[in-house]
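Below is one structure, written out as structure tokens; the observations come after it.
Rendered as structure tokens:
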């Protein structure tokens with residue numbers, strides 16, 4: 046009588062199933078890749094300029110400003126606020142210039158119903174301890190985040206010198222004067238020794254280049270310019286009563302749609318959701334903050350720094366004794382670590398860690414797809430909502446009402462099988478030869494990511510010898526620490542790229558960068574340094590450091606389904622070979638510690654300091 050090895054048989058079957066899953070990942074990716082990449086989208090200029098207008102604040106006439114300040118910060122989002130705060134603390138005068146009518150950046154523009162942060166408020170909202178604010182819930186809603194932005198500006202006096210409803214048009218280095226000349230669309234001309242910029246990756250909205258988009262005769266708007274005059278309701282969550290008799294279509298199913306579709310689903314007479322690629326929807330489990338717990342268990346000197354570093358350590362696979370945040374971001378990396386540590390012979394090689402990641406991701410994505418079946422009543426709709434890619438290929442989403450919205454009687458998911466909307470005409474939308482008559486189209490089509498600096502931000506800094514930043518980065522981004530650029534003295538780029546590259550909690554990148562910039566500028570002023578510039582060698586050496594990173598990074602991989610993480614499937618690996626997801630070897634905390642050690646030496650290796658005679 047033959048004896049069969051049931052375990053081996055089961056393992057072989059599981060392996061076959063996984064092979065089929067991975068084959069589907071590749072097939073789903075291939076059907077969505079387009080040769081035109083980012084060019085598939087339409088700029089909001091000309092006839093489309095109205096989609097980008099500020100619906101919240103009307104710019105008031107004022108006289109042009111002609112003066113000099115120590116530092117100009119371009120952008121009034123979290124980058125400008127946290128860096129501005131550190132500059133003020135260091136006794137440095139700074140002027141924020143912001144195209145919006147108030148501070149807040151993406152939280153100024155994005156006031157669509159249901160807008161929330163998708164990282165724990167305790168680690169996402171900057172400067173909580175300094176301003177004395179306790180977030181009202183685990184995932185704060187947009188109005189609270191916008192008000193916290195204003196709180197920071199008030200607390201540090203950043204409004205006093207700010208120019209709002211003002212767009213920078215020209216930034217040019219005057220080598221003879223060691224000054225930047227900054228000009229704006231309001232006729233301002235400002236001289237500054239230092240220019241810092243954090244124009245953000247998600248601030249310039251884009252429209253899909255769908256044939257006939259200009260012919261639609263109904264109402265339409267972009268989610269980042271939500272039209273409450275048409276829909277009714279407000280950012281605080283009041284019902285969208287204006288849609289009660291309307292047929293509404295929403296194009297796009299990314300993070301914004303995931304948050305606003307539940308509100309549209311219960312308000313519109315009919316809602317059609319046009320989907321090219323489904324998002325991965327994990328559990329959110331939002332909850333209000335218990336003031337007694339916060340007072341007794343959380344509030345202590347340095348509490349936010351403790352929480353932030355704990356989150357980053359857990360989320361990036363580094364050792365932490367506990368998980369304070371306990372959310373979907375930390376879940377995957379804790380699974381990987383536990384899988385490694387529970388093995389009889391933990392394989393801590395890059396190959397072993399890669400396999401642990403892949404195995405954990407397979408488990409996670411199975412759970413996410415199974416959740417669609419558990420929540421959505423219609424089997425065909427549930428199947429179409431399942432994401433077939435690795436979780437970090439696209440922005441992970443966390444929500445407890447999105448999938449439920451497809452159980453509403455007036456909601457229809459129109460799955461385009463990865464091809465997108467076919468065309469738009471005067472009365473509606475066409476998909477696969479079928480026409481959907483609509484009163485309103487909501488474009489949840491995101492923001493420009495990966496387009497040149499000059500196009501995305503409206504200005505292209507001109508450095509030494511008349512070279513623009515876009516020229517310098519024509520073969521790929523080149524920096525030292527993601528902040529300093531050779532040929533651009535006294536210019537500080539405040540962001541995540543070529544540094545920590547931490548996408549799960551973007552403000553952490555900004556708070557660390559702001560602290561660094563303020564310390565260096567304070568040092569320059571105290572030491573009679575007129576200009577600071579990284580050397581060409583330092584820039585090249587930093588790219589070599591990034592290229593040596595063997596840590597796994599799915600983010601930006603062209604093996605992933607197309608999206609802004611991988612430049613719509615085209616990849617960012619041009620010239621320098623350093624992709625969007627590339628960061629410092631050892632991870633985000635290692636990068637922050639590396640910069641701290643570099644600052645502490647006092648010699649600022651890699652920077653040339655031109656001293657005032």
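Numbering (my numbering), first residue to last: 46 to 658.
All residues carry an ideal CB built from backbone N, CA and C; glycine is no exception.
All figures in this text were calculated on a predicted structure; none of them were measured in a lab.
In chain order, what residues of the same chain have a beta carbon less than 8 Å from the beta carbon of residue i, not counting five sequence neighbours either side?
i: residue 303; result: 324, 326, 442, 444, 447
i: residue 176; result: 193, 196, 197, 200
i: residue 92; result: 259
i: residue 98; result: 270
i: residue 328; result: 373, 416, 443, 445
What's the call for residue i, buried or exposed, on a 16-neighbour Cβ count within 10 Å?
i: residue 364; result: exposed
i: residue 640; result: buried
i: residue 574; result: buried
i: residue 95; result: exposed
i: residue 480; result: exposed
i: residue 69; result: exposed
i: residue 592; result: exposed
i: residue 136; result: exposed
i: residue 405; result: buried
i: residue 179; result: exposed
i: residue 347; result: exposed
i: residue 338; result: exposed
i: residue 388; result: exposed
i: residue 621; result: The predicted model places residue 621 with a pLDDT of 45, which falls under 50 and marks its position as unreliable; any figure quoted below should be read in that light. With 16 or more other Cβ atoms within 10 Å, it is buried.
i: residue 341; result: exposed
i: residue 509; result: exposed
i: residue 250; result: buried
i: residue 520; result: exposed
i: residue 394; result: exposed
i: residue 386; result: exposed
Who are the Cβ neighbours of residue i in its own chain at under 7 Å, not counting the five residues just before and after it?
i: residue 190; result: 152, 162, 170
i: residue 110; result: 208, 233, 235
i: residue 482; result: 292, 472, 473
i: residue 422; result: 452
i: residue 653; result: 578, 580
i: residue 635; result: 629
i: residue 538; result: 242, 524, 527, 528, 530
i: residue 226; result: 217, 219, 234, 236
i: residue 642; result: none
i: residue 619; result: Note that residue 619 scores 44 on pLDDT, short of 50, meaning its location in the model is unreliable; the coordinates nonetheless yield the value given after this. Result list for residue 619: 520, 521, in chain order.
Do you know whose CA, among the options, lies nearest residue i's CA?
i: residue 134; options: 633, 359, 342, 202; result: 202
i: residue 232; options: 510, 240, 215, 544; result: 215
i: residue 112; options: 121, 238, 158; result: 238
i: residue 241; options: 628, 545, 561; result: 561
i: residue 150; options: 131, 505, 465, 118; result: 118
i: residue 609; options: 440, 122, 273, 264; result: 440
i: residue 29; options: 656, 590, 589, 539; result: Because the chain here runs from 46 to 658, residue 29 falls outside it and cannot be looked at.
i: residue 269; options: 537, 432, 71, 187; result: 187
i: residue 586; options: 103, 357, 543, 334; result: 543
i: residue 438; options: 205, 253, 603; result: 603
i: residue 256; options: 487, 399, 87; result: 87
i: residue 262; options: 469, 336, 504, 555; result: 469
i: residue 356; options: 378, 344, 335; result: 378
Give me, in chain order, the residues of the same chain whose beta-carbon lies closer than 6 Å to that of residue i; leave out the 5 immediate sequence neighbours on both sides.
i: residue 457; result: 317
i: residue 649; result: none
i: residue 584; result: 523, 525, 531
i: residue 286; result: 277
i: residue 349; result: 173, 174
i: residue 507; result: 217, 513
i: residue 211; result: 142, 229, 231
i: residue 290; result: 314
i: residue 417; result: 427, 430, 431
i: residue 459; result: 317, 319, 476
Residue i and residue j look like a contact to me (Cβ under 8 Å); what is the Cβ gap, rounded to whole Å?
i: residue 148; j: residue 107; result: So it is not a contact: roughly 18 Å between Cβ atoms.
i: residue 141; j: residue 129; result: 6 Å
i: residue 307; j: residue 159; result: 6 Å
i: residue 299; j: residue 489; result: 7 Å
i: residue 362; j: residue 382; result: 6 Å
i: residue 127; j: residue 559; result: 4 Å
i: residue 566; j: residue 222; result: Actually they do not touch by this definition, with Cβ atoms about 18 Å apart.
i: residue 321; j: residue 465; result: 5 Å
Looking at residue i and the ligand FMN, is the gap between the Cβ and the nearest heavy atom below 7 Å?
i: residue 272; result: The ligand FMN is not among the ligands present in this structure, which contains no ligands whatsoever.
Exercise for the section: Please go through the segment 370-398 and give each complete alpha helix (DSSP H) segment of 4 or more residues, from N-terminal end onward. Expected result: 373-387
Exercise for the section: Could you name each continuous alpha helix (DSSP H) segment of 4 residues or more that falls completely within the segment 556-598, going from the start of the chain to the end? Expected result: 581-592
Handout entry: Contiguous alpha helix (DSSP H) assignments of at least 4 residues, all confined to the segment 113-178
Key = 123-134, 151-154, 166-169, 173-176
Exercise for the section: Mind listing, in chain order, the continuous beta strand (DSSP E) runs of no fewer than 3 residues lying wholly within the segment 461-485? Expected result: 468-470, 473-476, 479-482
Exercise for the section: At 3 residues or longer, and completely inside the segment 202-289: list those beta strand (DSSP E) runs for me, N to C. Expected result: 213-219, 224-229, 234-242, 264-267
Handout entry: Whole runs of the beta strand (DSSP E) within the segment 279-352, excluding any shorter than 3 residues
Key = 292-296, 315-320
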